[in-house]
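Residue numbers for the sequence shown, in my numbering: 766 to 947.
Beta carbons: idealized from backbone N, C-alpha and C, even for Gly.
To start, the structure under review is shown below, and the notes come after it.
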Amino acid sequence: MDNEELAKRLLENDENALQEITRKFTPLVSTIIFNIADGSLSTEDIEEVTADTFITLWYNREKIQADKLKGFICCIAKNKAKNKLKSINRHKKIVSIDEMDFEDGLDVSQEIDDKVISEALKKALDDIGEPDKEIIIRHYYYYQSSTEISEKMQMKSETVKSRIKRAREKLKKILIERGFTK
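And the structure:
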């Protein structure tokens, strides 16, 4: 059955359509969540966010355009994954290297590499200056859309998008100059 037919059935409150959609799109939704999480979510978290995606689809079925079912599901999955990451990061405790217990089997070299990269990125962000620094932080760390950033910073959405693009290019150039490769 094609996506348009499934969407129409879903709009008619057909729970079997939801089951078929879930079966059909679970691999795609899981992949989207996995890629956004970038190793930050457990398998159980990914499964939970996947299930939440289809629950949200059901409760928002009246907003579906029959010819855009797949895109609608992908948007829900992306937003659910970002929200899960935000909630996890709010509760994450940052531990300095001085407080680390190296007896617990942590990969010390990876921890140090991550810290070096993080520090280099912070310095590079400082070097690109404001408002680009704030835009990048809002976009990549707080997962704000261009529209949200433009509202908060009182800029046009297109200006925010072009600043993100230019700032990424500047950051890349700075990091390459400082010995970080592509």
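CA-CA distance, residue i and residue j?
i, j, result
"T815", "L771", "19 Å"
"S795", "K849", "14 Å"
"Y906", "F945", "21 Å"
"C839", "K917", "26 Å"
"H904", "K887", "15 Å"
"T844", "R943", "The question names Thr, yet the displayed sequence has Asn at residue 844. One C-alpha to the other measures close to 34 Å."
"D891", "I902", "11 Å"
"D779", "K880", "51 Å"
"N800", "Y908", "14 Å"
"R774", "K847", "29 Å"
"E923", "I929", "10 Å"
"G804", "D810", "11 Å"
"I853", "L834", "29 Å"
"I893", "R931", "10 Å"
At what residues does the alpha helix (DSSP H) containing residue i begin and finish?
i, result
"S922", "922–942"
"A772", "768–776"
Could you tell me whether the region 886–901 touches the region 930–944, where touching means 3 or more Cβ pairs closer than 8 Å? yes
For the region 816–829 and the region 777–796, state whether three or more C-beta atom pairs, one from each stretch, are separated by less than 8 Å. yes
Going residue by residue through the region 788–815, where are the continuous alpha helix (DSSP H) segments of at least 4 residues, counting only ones entirely within it? none
Could you give the uninterrupted runs of the alpha helix (DSSP H) lying entirely in the region 875–924, keeping only those of 4 residues or more? 897–905, 911–918
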